[in-house]
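> Here it is, the structure, as structure tokens.
Number of protein chains: 2
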Amino acid sequence: MKITTSTPKQDGFYMPSELAEHRCTYMLWPERGDNWRGNAEKAEHVFCEVARTIAKYEPVVMCVSPREYPIALDLNMPNVRVVEITNNDAWIRDCGATFVIDGYGRMRANDFGFNAWGGLVNGLYFPWDQDDLVAAKMANIEAVDFYRARDFILEGGSIHSDGEGTILTTEECLLDPGRNPDLTKEQIEEKLKQYLGAEKVLWLPKGIYMDEDTNGHIDNICQFVAPGKVVLAWEDNEDDPQHERSQLALDYLLSETDAKGRQIEVIKLHVPNPVTITKAESRGVDVVEDTFPRNEGDRLPASYVNYYNCNGAIILPIFKDPHDQAAIDTLQSLFPDKVIEPIYAREILLGGGNIHCITQQVPRP
Amino acid sequence: MKITTSTPKQDGFYMPSELAEHRCTYMLWPERGDNWRGNAEKAEHVFCEVARTIAKYEPVVMCVSPREYPIALDLNMPNVRVVEITNNDAWIRDCGATFVIDGYGRMRANDFGFNAWGGLVNGLYFPWDQDDLVAAKMANIEAVDFYRARDFILEGGSIHSDGEGTILTTEECLLDPGRNPDLTKEQIEEKLKQYLGAEKVLWLPKGIYMDEDTNGHIDNICQFVAPGKVVLAWEDNEDDPQHERSQLALDYLLSETDAKGRQIEVIKLHVPNPVTITKAESRGVDVVEDTFPRNEGDRLPASYVNYYNCNGAIILPIFKDPHDQAAIDTLQSLFPDKVIEPIYAREILLGGGNIHCITQQVPRP
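Below is the structure:
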């Protein structure tokens, strides 16, 4: 059932931290050959590796188009349900539902507008009508009512919640003219507070260098590891354009407090060395009008921060890079009780995102 | 997760009676213009009336193709979840999952083969590949494992279970060469016992007159009202071809006992006067090669027995016929604690079935 007359905050609901207990994880099967090389066959393998890994810790719901459904079903992956959801691409973090809970064991969902990261201004493809239905379909499968906020364009990857009143986001993304050009920053902040049940929004200036697909989503540069404590994508090399972006974020975070008045503690996660698209990788992608191209030599927004927190583990993208081990070690020290599950994720990165972008948690209310 | 190496009976599972408590009811949205006149618009209204009525008593899951999904979602029917399931037509009783339970609160599903009521021998349409996936999709939505018995063709409308070891079916349907021509009657009976967890199969000779679509499904002629007790579609007029069919069934039932050794008590439900397709009704259906035609003057298999048992009510098809009231009264006397919910269902009948054919219960394990 849809709710159009109130907001989660008005009804006592809020978005819990991704670190809180999950009921399950949703994913969406990659398919389009104009984004995933070789008709997405290599991507499918990595998506399945991610699904199988998460499924060791919590149930996974793999959403698949009718065309690909029999293929996914026949894999018979343990602890993975396969449900039909038609889509335009595989980024369920962004087009899927954002769930909210209250203090009485109840759960609802948010169904924000989705316009492929910028609509006709600077979106990645057209149309995006099926992506825009994914959130409502998830809410119906999970049997929860949902807030239909279709006039507010918001992707799940552009927000993080600490579950205690603080939201992390970036100005680069949320103030981009492709999203909500008719809303001021103050109005957008109020929407975030209303729909995520929050008190304070922390606005990092920018996302990762060359994260042009998403206009600098927060989930590639900064993530809560606890209330008042974040990991930040970092670059030591002052000649690399990433350095300035990371420094800007660090300066901002150290100057701010969260909704509870805490100073923000920042742990650096050094990014991998620059990753660029090879000739073979570029040529594997179908060239289609109205779809964002993947050209040889383009730098990709590689970051360890785009990991996914599931119930007993951290599903961490790695890149066969000298910085991989430091990322693993840092996260293991931050989460001594969790298993760090590194997955070689270049194939997901080639599509424009990473493990956090292809997962969406359903909290356990 | 699919199970291919055992059967429900081997694992201690059985099909409960439709009269046992339900978790919810599944339905499938009508759409194809070569079966439902006027591009199914009138049928949609009646399907929604059925859904809204059931939803007063238990949750409904309305399955809808991607094309029609936004229409169904926007109706925002209370207690009705809308999920995407691509399909070839709307008969979820027949293509959907048949659920089985055990004595330990567990539930699984059966995914039988489906070939549009006869495949290339005498099926109603081609292809039926999407219908054949509906059962697996339902099992995945309900988060239960399922037995994949795809080499055994069986529709849910061709069986009734009393939940105490007895299955009702018809020879006309299950022995038709369009289903399982390579299996003997004894082998089919063994399959029914294995997959429905039963001890005894009662084989009525024939279904309702002119139920050519389904080759005489049991759910149009006979239904359990309790273990050892059935309602039977009846026709007093000895000149009507239905009379002989009903008499054959009555004679058979009175000569048999059920799995527990009980004599079968038979309550007659007189059928409505003959219902035939009007010129306007026939002309509203798109004529398409490979689809069963709906011609003016064709007699339809109208029967009150095709009602649906939900938790607190009986959803009963009526036909604006002099026999309607007797059917209502008989069922009310049989179920004094249930509400009889009559729905004018000619539009469903025009598509080839009735309320029982468009519903499928999920038991509460």
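Line order of the protein sequences matches chains P and V.
Numbering follows my numbering, in which position 250 of the first sequence is assigned residue number 500; successive positions increment by one, without gaps.
Numbering follows my numbering, in which position 141 of the second sequence is assigned residue number 391; successive positions increment by one, without gaps.
Each residue gets a CB set at the ideal place from its N, CA and C atoms; glycine is no exception.
Everything numeric in this text was worked out from a predicted model, so none of it was measured.
Short check: CB of A448 (chain P) to CB of G415 (chain P), under 8 Å?
Against a cut-off of 8 Å, the Cβ pair of G415 (chain P) and A448 (chain P) comes out as a contact.
> Please determine, among P:S532, P:P377 and P:T420, the residue with the shortest C-alpha to C-alpha distance to L498 (chain P).
L498 (chain P) has its Cα closest to that of P:T420, out of P:S532, P:P377 and P:T420.
> In chain order, which continuous runs of the alpha helix (DSSP H) of length 4 or greater are located wholly inside the stretch 548-610 of chain P?
If we require 4 residues or more, the alpha helix (DSSP H) runs fully inside the stretch 548-610 of chain P come out as 574-584 and 596-600.
> What's the call for V350 (chain P), buried or exposed, on a 16-neighbour Cβ count within 10 Å?
Buried: at least 16 other Cβ atoms inside 10 Å.
> Indicate whether at least one CB of chain P lies closer than 8 Å to the CB of I391 (chain V).
True, the Cβ-Cβ gap to chain P drops below 8 Å.
> Rank P:I568, P:V525 and P:P258 by C-alpha distance to the C-alpha of D352 (chain P) and give the top, closest one.
Nearest C-alpha to D352 (chain P): P:P258.
> So, do the stretch 426-444 of chain P and the stretch 363-375 of chain P have three or more beta carbon pairs nearer to each other than 8 Å?
Short answer: they touch.
> On the DSSP bridge assignment, give the partners of L500 (chain V) in chain order.
Paired residues: none, contrary to the question.
> What in chain V is Cβ-close to I342 (chain P), meaning under 9 Å?
Chain V residues near I342 (chain P): none, gap ~14 Å exceeds 9 Å.
> Can you pull the chain V residues whose beta carbon is under 7 Å from the beta carbon of M251 (chain P), in chain order?
Per Cβ cutoff of 7 Å: N326 and P328.
> Given a cut-off of 8 Å, decide if P328 (chain V) and A305 (chain V) are closer than it, judged by their beta-carbon atoms.
Yes, these two residues count as a Cβ contact at 8 Å.
> Kindly indicate if chain V contains any beta-carbon less than 8 Å away from that of E281 (chain P).
So, not an interface residue.
> In chain order, what residues of the same chain lie with their CB nearer than 6 Å to the CB of R512 (chain P), ignoring the 5 residues before and after it?
Cβ within range, chain order: G478.
> By Cβ distance below 6 Å, which residues in the same chain neighbour P551 (chain V) in space, the five residues on each side in sequence not counted?
Closer than 6 Å at Cβ, skipping near neighbours: I458, M460, D461 and N470.
> Determine, using beta carbons only, whether A509 (chain V) and K441 (chain V) come nearer to each other than 8 Å.
No, they are not a contact pair.
> In the DSSP assignment, find the alpha helix (DSSP H) that holds F297 (chain V) and state where it starts and stops.
Note, F297 (chain V): alpha helix (DSSP H), E291 to I304.
> Taking the C-alpha atoms as reference points, what is the distance between M312 (chain V) and T336 (chain V)?
Approximately 12 Å, taken between the alpha carbons.
> Measuring only between beta-carbons, confirm whether A386 (chain P) sits less than 8 Å from chain V.
It does: the Cβ of A386 (chain P) has a partner Cβ on chain V nearer than 8 Å.
> Start and end of the beta strand (DSSP E) containing G363 (chain P)?
Per DSSP, G363 (chain P) belongs to the beta strand (DSSP E) from M357 to G363.
> Against chain V, with Cβ distances strictly below 8 Å, would V332 (chain P) count as a contact?
It does; some Cβ of chain V falls within 8 Å.
> Pull the bridge partners of I517 (chain V) from the DSSP assignment, please.
Per DSSP, V:V481.
> Within the continuous beta strand (DSSP E) that includes R400 (chain P), where are the two ends?
It spans F396 to I403 - the beta strand (DSSP E) in which R400 (chain P) sits, taken as one unbroken run.
> L237 (chain V) CB to nearest chain P CB: under 8 Å?
Residue 237 (chain V) is absent from the structure shown; chain V starts at 251 and stops at 615.
> I'd like the ranges of any alpha helix (DSSP H) spanning at least 4 consecutive residues and lying wholly in the stretch 414-483 of chain V.
If we require 4 residues or more, the alpha helix (DSSP H) runs fully inside the stretch 414-483 of chain V come out as 421-424 and 435-446.
> Leaving out five residues before and five after P455 (chain P) in sequence, what residues of the same chain have Cβ atoms less than 6 Å from its Cβ?
Contacts found: E421 and L498.
> Please tell me whether I578 (chain V) and A595 (chain V) are closer than 8 Å, where the distance is taken between their beta carbons.
Not closer than 8 Å, so no.
> Residues in its own chain within less than 7 Å of T254 (chain V) by CB, not counting five upstream and five downstream?
R398, listed in sequence order.
> Among P:D382, P:L446, P:K529 and P:A393, whose alpha-carbon lies nearest the alpha-carbon of G413 (chain P)?
Of the listed residues, the one whose Cα sits closest to G413 (chain P) is P:L446.
> Taking 6 Å as the limit between beta carbons, can you name the residues of its chain near V371 (chain P), skipping five residues before and five after?
Hits under 6 Å: P427 and G428.
> Below 8 Å between beta carbons is the criterion; list the residues of the stretch 251-265 of chain P that meet it against any residue of chain V, in chain order.
Here the close residues are M251 and K252.
> So, using beta-carbon positions, are A340 (chain P) and T348 (chain P) closer together than 8 Å?
The answer is no: Cβ separation not under 8 Å.
> Which of the three DSSP states is assigned to Y616 (chain P) in this structure?
The shown model of chain P, from 251 to 615, leaves out residue 616 (chain P), and the question about it has no answer.
> Would you tell me roughly how many angstroms separate the C-alpha atoms of A270 (chain V) and P615 (chain V), rounded to the nearest one?
One C-alpha to the other measures close to 10 Å.
> Taking a Cβ distance cut-off of 8 Å, strictly less, list which residues of the stretch 305-322 of chain V are near chain P, in chain order.
If the cut-off is 8 Å between Cβ atoms, the stretch 305-322 of chain V has P309, P316, Y319 and P320 near chain P.
> Taking the alpha-carbon positions, what's the Y557 (chain V) to L566 (chain V) distance?
Answer to the nearest angstrom: the Cα atoms are 5 Å apart.
> Output yes or no for whether 8 Å exceeds the beta carbon distance between L424 (chain P) and F474 (chain P).
Cβ distance not < 8 Å, so L424 (chain P) and F474 (chain P) don't count as in contact.
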